[in-house]
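K.L.:
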Ligand SMILES: O=c1ccn([C@@H]2O[C@H](COP(=O)(O)O)[C@@H](O)[C@H]2O)c(=O)[nH]1
C-alpha cells in the first residue's frame, strides 16, 4: 500500500498524533540517564516500548542521534525498526535537500527498499528548489514511501524566507502548490506531504488543493494547542498530523505516564486528521 493510504489507515485506527522521539540531553538527565550512547539507547528503547503500539506515527529527530556518531545512528536504526514492528509509521525528521545527484543518494538512504535507514517517510528541505527533490519523489513513489517537504515551519524565523512573495504567492505557497501537483487524483490522499507548523494561526496558506498530508509540529512545547490547530487548518483538517515531542517526553521515564499523556493529547485532538 502507498504511504498516503497507509497513513490514512493508521490515523483512522490510532488517532492523528505523531510523537516526536527527540532525546534532548536535558530529557535524558530528567529521566535519570547518562548523556551518552547508553542513555540514548535506554531513553529511546523506553519510547519504543511505551508508545510504538499506541500512536499512528513516530518522528525520530535524526540530529539527536547523529550527535552521538555511528553508535547513535545504530540506536536510530533500532528505534525505527522497533516502532515499525509495533505498527507505528516512521517519519524520519532529517530535512534533507541537495542538488539532484546528491539528492539521489539521500533518496537511496531513506527511501530504498533494503536500506538500513529506510523509513515510511522523510522530511525534505526545498531550499535548493523543489525540482531538485525529484530523485526522492520518484524513489518514494516506486517504493510506496512518502516525503514531507518544508513549507511553513513552526519557528518564527521561518517567515523571513517562507513568507516572501514571488509573483504574488508566498514561497510556502509555491511549495504547497508543487506538492499538490504530485498528489492529483490520489485517494484518500497522495504521498507528498508538507510541513506547516501548528504554531501558525494567521498565515494565508491555501492547502485546499494539496490532497496530501500535513505534518504540523509545534503542539505543546512550542505553544500550539489543539484549538489553535483547528483555527489554523479550518475545514481542511483532513490529513493533518500534529506533532508533539518534548511535551509528551517530559512525562517519562514511566511508560504508563507516557501513554496516559499521549491518550490525553489524542483526546484533545478529537476530529483532527481523520478522513
Ligand atoms: O517546522 C518544524 C519542522 C520540524 N520541527 C521538529 O519537530 C519537533 C518538535 O519538537 P517539540 O519538542 O514538540 O517542540 C522537533 O524535532 C523539531 O525539530 C519543528 O519543530 N518545526
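In the UniProt record's numbering, the protein residues as written are 1 to 275. C-beta: ideal position from N, C-alpha, C; glycine also.
If you measure between the beta carbons of residue 222 and residue 203, is that distance less than 8 Å?
P.N.:
Contact flag unset, no.
K.L.:
May I ask you to list the residues that DSSP assigns as paired with residue 130?
P.N.:
According to DSSP, which records beta bridges pairwise, residue 130 is partnered with nothing at all.
K.L.:
Check whether the stretch 134-144 touches the stretch 94-104, taking contact to mean three or more Cβ pairs, one atom from each stretch, closer than 8 Å.
P.N.:
In short, these stretches touch, since the Cβ pair count reaches three.
K.L.:
Out of curiosity, what's the CA-to-CA distance linking residue 124 and residue 148?
P.N.:
Rounded to whole angstroms, residue 124 to residue 148 spans 6 Å at the Cα level.
K.L.:
Grab me the residues of residue 184's own chain with a C-beta within less than 7 Å of its C-beta, minus the 5 sequence neighbours each way, in chain order.
P.N.:
Excluding sequence neighbours, residue 184 sits near 211.
K.L.:
Taking the alpha carbon of residue 20 as the reference point, which residue from 65, 268, 38, 162 has its own alpha carbon closest?
P.N.:
The candidate whose alpha carbon is nearest that of residue 20 is 65.
K.L.:
So residue 21 is in the beta strand (DSSP E); what residue range does that whole segment cover?
P.N.:
Taken as a continuous stretch (DSSP letters only), the beta strand (DSSP E) holding residue 21 covers 18-21.
K.L.:
Run through DSSP, which three-state label would residue 244 get?
P.N.:
Strand, per DSSP.
K.L.:
Roughly how many angstroms separate the alpha carbons of residue 49 and residue 13, rounded to a whole number?
P.N.:
Each residue's alpha carbon lies about 19 Å from the other.
K.L.:
Would you mind sorting residue 62 into buried or exposed? The rule is 16 or more other CB atoms within 10 Å of its CB.
P.N.:
Buried.
K.L.:
Would you list, in sequence order, the uninterrupted beta strand (DSSP E) runs of no fewer than 3 residues that lie entirely inside the stretch 105-182?
P.N.:
As far as the stretch 105-182 is concerned, its whole beta strand (DSSP E) runs of at least 3 residues are 121-124, 146-152.
K.L.:
Have a look at residue 4 and residue 247 and give me their C-alpha separation to the nearest angstrom.
P.N.:
Approximately 27 Å between the Cα atoms of the pair.
K.L.:
Please classify residue 217 as buried or exposed, where buried requires at least 16 neighbouring CB atoms within 10 angstroms.
P.N.:
Result: buried.
K.L.:
Among all the DSSP beta bridges, which residues are the ones paired with residue 214?
P.N.:
Answer is 194, 240, bridged to residue 214.
K.L.:
Any chance you could list the alpha helix (DSSP H) runs of at least 4 consecutive residues sitting entirely within the stretch 33-102, in chain order?
P.N.:
37-51, 62-66, 69-85, all fully within the stretch 33-102.
K.L.:
Tell me whether the stretch 66-79 and the stretch 36-43 touch, counting them as touching only if at least three CB pairs, one residue from each stretch, are closer than 8 Å.
P.N.:
Segments in contact, yes.
K.L.:
Among all the DSSP beta bridges, which residues are the ones paired with residue 220?
P.N.:
DSSP output for residue 220 lists no bridge partner at all.
K.L.:
Answer yes if the stretch 80-99 comes into contact with the stretch 155-167, meaning at least three C-beta pairs across the two stretches below 8 Å, and no otherwise.
P.N.:
No: the two stretches stay apart, fewer than three of their Cβ pairs being nearer than 8 Å.
K.L.:
How would you call residue 267, buried or exposed, if buried means at least 16 neighbouring beta carbons within 10 angstroms?
P.N.:
Exposed.
K.L.:
Select from 112, 30, 172, 109 the residue whose C-alpha is nearest the C-alpha of residue 130.
P.N.:
Residue 130 has its Cα closest to that of 172, out of 112, 30, 172, 109.
K.L.:
Verify whether the separation of the beta carbon atoms of residue 241 and residue 229 is less than 8 Å.
P.N.:
Their beta carbons are not under 8 Å apart, which means residue 241 does not touch residue 229 by this criterion.
K.L.:
Is the closest heavy atom of ligand 1 to the C-beta of residue 125 under 7 Å?
P.N.:
No, Cβ of residue 125 sits at least 7 Å from all heavy atoms of ligand 1.
K.L.:
Would you say the beta carbon of residue 243 comes nearer than 7 Å to a heavy atom of ligand 1?
P.N.:
Yes, the Cβ of residue 243 comes within 7 Å of a heavy atom of ligand 1.
K.L.:
What is the DSSP secondary structure of residue 185, reduced to helix, strand or coil?
P.N.:
Three-state DSSP puts residue 185 in coil, outside helix and strand.
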